[in-house]
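Okay, structure first, notes after.
Numbering (the numbering used here), first residue to last: 6 to 255.
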């Protein structure tokens with residue numbers, strides 16, 4: 006399984022991905038973020054799904070970029086280009102994978118800003134090659150293990166938050182998933198793209214660098230629970246006397 010999240014705010018886009026790869030009982034580390042950084046032309050792809058499908062689609066797309074990158078002046082065109090490679094891999098491998106009991110399940114988050122984009126864009130690409138654009142109404146998307154991080158983001162994030170706040174929220178969503186799932190773990194990769202900079206800043210973080218944040222968050226949660234204005238819940242610890250219904254005289 007995987008945890009990848011992309012967030013779009015008024016100020017730009019951030020992405021965060023874990024690197025855990027699980028194959029049977031074996032675990033390894035592998036990068037799940039692919040970036041292109043050129044003048045007035047920057048985007049990233051984060052993926053979840055079978056490693057073999059991901060690597061093949063990214064390899065095909067890398068060759069396509071070398072030949073046709075100049076034709077992509079808006080991000081949706083690059084998304085369509087990658088979608089074509091995903092569909093090509095499906096034509097080649099989907100049947101044999103399904104015969105082996107495996108699912109063709111490559112989901113992708115694609116974010117960036119190209120020459121003719123008025124602002125950074127963020128897309129969710131499905132295994133079938135269709136996509137949706139992530140907009141300010143729900144300014145984030147998670148792929149892979151989605152259940153544990155969703156509540157953190159939905160309770161904290163709005164489109165108007167600064168990128169620093171968005172990154173903190175993304176990390177807490179990852180941390181909640183890591184604690185709850187054995188197949189999501191450090192190190193994590195982050196990408197940050199501010200509006201109109203056309204420059205993706207990419208970094209890797211290890212557990213030792215961020216463990217103090219997890220511990221602080223745990224302490225804050227415990228303190229917040231202690232301070233909840235929840236006196237009404239004390240009723241759960243006492244038996245209320247049963248009130249016999251009134252009986253009419255016969």
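C-beta: ideal position from N, C-alpha, C; glycine also.
Check                                                                                                                                                                     : Outcome
To the nearest angstrom, how far is it from the Cα of residue 53 to the Cα of residue 230?                                                                                : 34 Å
Just verifying my parser: in three-state terms, what is the DSSP assignment at residue 146?                                                                               : strand
Is it buried or exposed for residue 118, if we count other Cβ within 10 angstroms and need 16 for buried?                                                                 : buried
DSSP has residue 20 in a bridge; who is on the other side?                                                                                                                : 11 and 196
Mapping DSSP to helix, strand and coil, what is residue 104?                                                                                                              : helix
Could you compute how far the alpha carbon of residue 97 sits from the alpha carbon of residue 225?                                                                       : 50 Å
Are at least three pairs of beta-carbons, each pair with one atom in the region 8-25 and one in the region 144-162, less than 8 Å apart?                                  : yes
Please check the pair residue 215 and residue 170, which I expect to be a contact at CB under 8 Å, by giving their CB distance rounded to whole angstroms.                : That pair is no contact at about 16 Å.
On the three-state DSSP scale, how would you describe residue 59?                                                                                                         : helix
Given this structure, state the Cα-to-Cα distance separating residue 33 from residue 73, to the nearest angstrom.                                                         : 33 Å
Mind pulling the beta strand (DSSP E) runs of 3 or more residues that sit fully within the region 194-243?                                                                : 206-210
If I measure Cβ to Cβ from residue 84 and keep anything under 7 Å in the same chain, skipping five residues before and after, which residues do I get?                    : 115, 128, 130 and 136
Below 8 Å on the Cβ atoms is my guess for residue 51 versus residue 186; work out the distance and round it to an integer in Å.                                           : The pair is not a contact, with the Cβ atoms about 17 Å apart (cut-off 8 Å).
Please go through the region 64-118 and give each complete alpha helix (DSSP H) segment of 4 or more residues, from N-terminal end onward.                                : 80-104
Return the chain-ordered list of same chain residues with a C-beta closer than 7 Å to the C-beta of residue 93, the five sequence neighbours on each side being excluded. : 65
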